[in-house]
Structures are given as C-alpha cells and as structure tokens.
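Report on one structure; see the data block that follows.
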C-alpha cells in the first residue's frame, strides 16, 4: 500500500479539478490539466508551502480545520471527505472504524434467509462475500467462485456479460474498495487484493489511480443473468453494528415488474438445481 496515502489522495483529487470547476480563471500555460498546488492553497486558505509539504508527505498531521478546508476546496462529497479525514488521522472515533471481522453471526444469517424472494448477502470492507442467502447465490451463480465483488468485476470471465453497464460497475467497485484504505490501509487482505487486481487488470490499475471514494449505501444495478435475462434491481446497504466493517446488502426489484418475476423464476430454478437427487429404490 502507498506510503504517502494522504498526499497521493490530495494530488489525485487536485488533478481531477479544473479552474472552471471551482470558479477560478485560468492564467498562463498550464503544464497539468488539474488545479495547481497554489490554487488549492488559495481555495483552502492555507499556506502554499504547507500544502506542498502535505502532498509530498513531509507533513502528515494537518489539523481538523485544515482537513475540512481542503475537503471544501477540492469539492469532496461526503464519502470522499470522510476518507480524507481518516487518511489524515483526524477522523472522529465511531463504531465503523478499526479492523473488521469475517465472522457472520447466526442471527444475521437467519435474517438473510428470512428474505427468500430477494437476494441478500453480507460483505466485508474489502468486498468479500462473507455469507449469502439462496437467491443471492443464484444471482451470482455465473461467477466461479462468487467470493469477492472486486475480483468478480475485474477478473472473472463472466464479468462483462453479467454487468450490462460494466464501466459504471467497475468505477463504483473501485471507489468502494478505495474507501477501505482509510480504515485499515495495512490490512493483509486489502494489500493482497489490490496487488492482485493491479497486476492482472489494467482497468483496475487505471481506476485505482484516480483515488475516487464512495461508500456503498444504495444504487441501481443492471444485470444480465444467463438463466433469466435482464434484471433491473436497486439495493440498500446497512452497517452491521455488532460486527464493524460488515455490511448487509439487500437487492430489490420493483413489485410487479419483469425483474421481480425474473427473480422469482431464478429462485425456482436454483431450488430445483439444489434439490438432492432422490435415492433409487432397492
């Protein structure tokens, strides 16, 4: 993992903004597409030399006031701002911080199984699928194995056929995974996953370098399942309070829609395939 995580994040987000984005006039020949360091320091109201030291990793402990000013200057949304606070080491303590656990409690498993008509699964910050109900297993059956959403999105052969808008899915996946670096950047699982994806996927490496950050809360998804065809679903993600780092994700189809009918059919197909073969009579 990067040694200068704070500086790398600031530099990447600065590069993604142009003077017109922040209401500034562009003067002279620009060697970079994004904002200059001096322009960010003006917007944030901090000394230009101090901001330069932040980017270069020579200053690693900005005050909460400086971090807040930088978040406003770089036009960071809520997820990216929270990530910036964590990188700077000034994030307020909360139940969602710290190391996560891979153990899914029996009560949560029972809760997921209580939703037989909609896919539900528990994932870690590194997007590992820790537990899933039957319909989630059926939904992700095209992947072998259905183990990690990032690996599935970038390395599995089924990825581009399954995700009808693969570019959007890829961008969201990387932004979700990038958020994990703010909680436990040196976690072995995170380091291993990022190394593998970077080595084997040029698309991942390119998106990872943007430092885009996004929490997984709710969104729309479009899938193409080999058994039932197109699926238009939305999802909600809920933090598991007694297991920091875990999220319960529940997919939902509009009642009465073709996607709802397809989910029902998918469940029936999966149940038929999972039914044990009857024993022959002796």
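Residue numbers (the numbering used here): 130 to 411.
Just so you know, even glycine gets a beta-carbon here, dropped at the ideal spot from N, CA and C.
Small disclaimer: the values here were computed from a predicted structure and weren't measured.
Put simply, the backbone Cα of residue 322 is about 21 Å away from that of residue 377. When secondary structure is reduced to three states using DSSP, residue 381 falls in the strand class. The shortest C-alpha to C-alpha distance from residue 368 to any of 303, 165, 237 is the one to 237.
Residues of the same chain with a CB within less than 7 Å of the CB of residue 208, apart from the 5 flanking positions on each side, are 308, 342, 343, 344 in chain order.
Each of 365, 364, 374, 352 was checked against the Cα of residue 391, and the nearest Cα belongs to 352.
Shown here, residue 192 sits in coil according to DSSP, grouped into three states, outside any helix or strand. A residue is called buried once 16 or more other Cβ atoms fall within 10 Å of its Cβ, and residue 143 is buried on that count.
Taking 8 Å as the cut-off, the beta carbon of residue 272 is found no closer than this to the beta carbon of residue 260.
The DSSP-derived three-state label of residue 185 is helix. Annotation: the continuous beta strand (DSSP E) that includes residue 252 extends over 249-252.
Every alpha helix (DSSP H) of 4 residues or more that sits fully in the region 326-397 is shown, in chain order, as 331-337. For the region 244-300, the full-length beta strand (DSSP E) segments reaching 3 residues or more read 249-252, 258-261 along the chain. Taking the Cβ atoms as the reference, residue 204 lies roughly 18 Å from residue 311, outside the contact range of under 8 Å.
Counted as a single uninterrupted DSSP element, the alpha helix (DSSP H) harbouring residue 136 occupies residues 134-144.
Inclusion of residue 172 and residue 202 in the CB contact set at 8 Å is warranted, their separation being smaller than that value. A straight-line Cα-Cα distance of about 15 Å links residue 162 and residue 152. By the Cβ neighbour-count rule, residue 384 is exposed, with fewer than 16 other Cβ atoms within 10 Å of its own. Between the alpha carbons of residue 349 and residue 379 lies a distance of about 12 Å. For residue 366 against residue 388, the beta-carbon gap comes to about 19 Å, at or over 8 Å, which does not count as contact.
At a Cβ-Cβ threshold of 8 Å, residue 193 and residue 168 do not count as neighbours. The residues 353, in chain order, have a CB closer than 6 Å to that of residue 359 in the same chain once the five nearest residues on each side in sequence are set aside. Taking C-beta separations shorter than 7 Å and ignoring five residues to either side along the sequence, the partners of residue 269 in its chain run 275, following chain order.
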